[in-house]
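Q: In full-length UniProt numbering, the protein residues as written are 1 to 130.
1) Identify whether residue 79 lies in helix, strand or coil by the three-state DSSP scheme.
2) Nearest by alpha-carbon distance to residue 83: which of 90, 67 and 72 is it?
3) For residue 30 and residue 97, which I take to be in contact (beta-carbon distance under 8 Å), what is that distance rounded to the nearest angstrom?
4) Which residues mark the beginning and the end of the alpha helix (DSSP H) in which residue 22 is found?
5) With distances taken Cα to Cα, identify the nearest neighbour of residue 88 among 73, 62, 10 and 58.
6) Assuming residue 69 and residue 5 are in contact, meaning their beta carbons sit under 8 Å apart, how far apart are those beta carbons, in whole angstroms?
7) By Cβ distance below 7 Å, which residues in the same chain neighbour residue 13 in space, the five residues on each side in sequence not counted?
8) Leaving aside the five residues before and after residue 80 along the sequence, list all residues of the same chain whose C-beta is less than 7 Å from its C-beta, in chain order.
9) Could you check the C-alpha separation between residue 33 and residue 100 for me, to the nearest Å?
10) Can you tell me whether residue 4 is helix, strand or coil according to DSSP?
11) Would you report the Cα separation of residue 17 and residue 58, rounded to the nearest angstrom?
12) The alpha helix (DSSP H) that contains residue 48, what's its start and end?
Right under this line is the structure:
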C-alpha cells in the first residue's frame, strides 16, 4: 500500500499568482520536509523538483497543478495537463505527500476530506458482495 498511485491536485484561485511564488513555496515547504525525512543533504533533489516550475509557465486563475506519485515512487508534475517533469525518489514522494496528508498538513480540512473519502472507498471495497 505504500507504493500506491496518488495525485494531489492544486487549483489556482488567485488571479495574479506567479510561477516564482509557487516555486518558492515548494522550495520552503518541500525543502523542510526533505530535511525532516532525509537530512540536510537533499538540495539537488529539491532543485530537480522545483526546476520543473519554469519562469515561462503561466498559471492563471483556474490552472491546475497535479503532483502524482506513480509506481516505483515516480513523482510526476503536470500543469493544466502538460507534463513539466518527473523524478524517481521515495523521499521526494514522501515529502510532497506529507505536505498534504501528513501529521502537520498545509490544509487540515483538505486532509480530513481526503481521509474521509479514502475510508468510504475502503468500506465499499470491503463490503460483502451479494
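Backbone N, C-alpha and C fix where the C-beta goes; we use that ideal spot for every residue, glycine too.
Nothing here was measured: the structure is a model prediction, and the numbers come from that model.
A: According to the data block:
1) Walking along the chain shown from the start, residue 79 turns up at place 79. In the structure shown, residue 79 sits in a strand (DSSP, three-state: E or B).
2) As a working mapping, residue 83 is identified with position 83 in the chain shown. The residue with the shortest Cα to Cα distance from residue 83 is 67.
3) Locating residue 30 in the chain shown gives position 30, counting from the first residue. Locating residue 97 in the chain shown gives position 97, counting from the first residue. Not confirmed; about 10 Å, so no contact.
4) In the chain shown, counting from the first residue as 1, residue 22 sits at position 22. 19–38 is the span of the alpha helix (DSSP H), which, as asked, contains residue 22.
5) For this step, residue 88 is matched to residue 88 along the chain shown. Of the candidates 73, 62, 10 and 58, the one whose C-alpha sits nearest the C-alpha of residue 88 is 73.
6) For the purposes of this step, residue 69 is identified with residue 69 of the chain shown, where counting begins at 1. For the purposes of this step, residue 5 is identified with residue 5 of the chain shown, where counting begins at 1. Contact flag correct, Cβ pair sits at about 6 Å.
7) Position 13 of the chain shown, counted from the start, is the residue given in the question as residue 13. Result list for residue 13: 61, in chain order.
8) What you label residue 80 is simply residue 80 of the chain shown in a count that begins at 1. Result list for residue 80: 63 and 64, in chain order.
9) For the purposes of this step, residue 33 is taken as the residue at position 33 of the chain shown. For the purposes of this step, residue 100 is taken as the residue at position 100 of the chain shown. If I take the Cα positions, the gap works out to 11 Å.
10) By 1-based counting over the chain shown, the position of residue 4 is 4. Here residue 4 sits in coil by DSSP.
11) Locating residue 17 in the chain shown gives position 17, where the first residue counts as 1. Locating residue 58 in the chain shown gives position 58, where the first residue counts as 1. Spanning the two alpha carbons is a distance of roughly 9 Å.
12) Within the chain shown, the letter at position 48 stands for residue 48. Here the alpha helix (DSSP H) through residue 48 covers 43–50.
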